[in-house]
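Numbered by my numbering, the letters in the sequence shown go through residues 190 to 273 in order. For reference, the structure is listed below as structure tokens.
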Amino acid sequence: RLARGYTGRNKIVKFEGCYHGHGDSLLIKAGSGVATLGLPDSPGVPESIAKNTITVPYNDLESMKLVFQEFGEDIAGVIVEPVA
190 RLARGYTGRN KIVKFEGCYH GHGDSLLIKA GSGVATLGLP DSPGVPESIA KNTITVPYND
250 LESMKLVFQE FGEDIAGVIV EPVA
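Here is the structure:
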């Protein structure tokens with residue numbers, strides 16, 4: 190929400206299979222029930238949430254480059270899971 194508010198852009202990029210909390214847009218393809226499929230199936234979750242969440246395969250730089258080529262002007266932020 191902070192990134193969207195600050196930039197005025199709508200799309201968030203996240204990585205497939207990674208858990209970033211239980212925010213609606215962060216559960217898309219995260220391995221949590223129906224949200225794993227990228228479907229806004231829970232009451233109160235707008236269809237636009239799934240449409241504005243871009244999921245990229247983890248550790249795939251080429252996919253990330255393509256996403257920025259196609260959607261760069263609409264991306265509010267990229268959320269990552271720090272792994273040590």
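Just so you know, even glycine gets a beta-carbon here, dropped at the ideal spot from N, CA and C.
Can you grab the Cα-Cα spacing for the pair residue i / residue j, in whole Å?
i	j	result
E236	V272	31 Å
R198	G266	9 Å
R193	V256	17 Å
I201	E259	13 Å
L191	L250	25 Å
Residue i: buried (16+ other C-beta within 10 angstroms of its C-beta) or exposed?
i	result
N241	buried
T196	exposed
V245	buried
K203	buried
The beta strand (DSSP E) that contains residue i, what's its start and end?
i	result
V267	I264 to V267
Could you check if residue i belongs to the surroundings of the ligand PLP, using beta carbon to heavy atom distance under 7 Å?
i	result
T244	Of ligands this structure carries none, so the ligand PLP is not represented either.
Below 7 Å CB to CB, which residues in the same chain sit around residue i once its five sequence neighbours on both sides are set aside?
i	result
Y247	F204, E205, G206 and C207
M253	V245
Span of the alpha helix (DSSP H) holding residue i?
i	result
V256	L250 to F260
R198	That residue, R198, is in no alpha helix (DSSP H); it is neither H nor E in DSSP.
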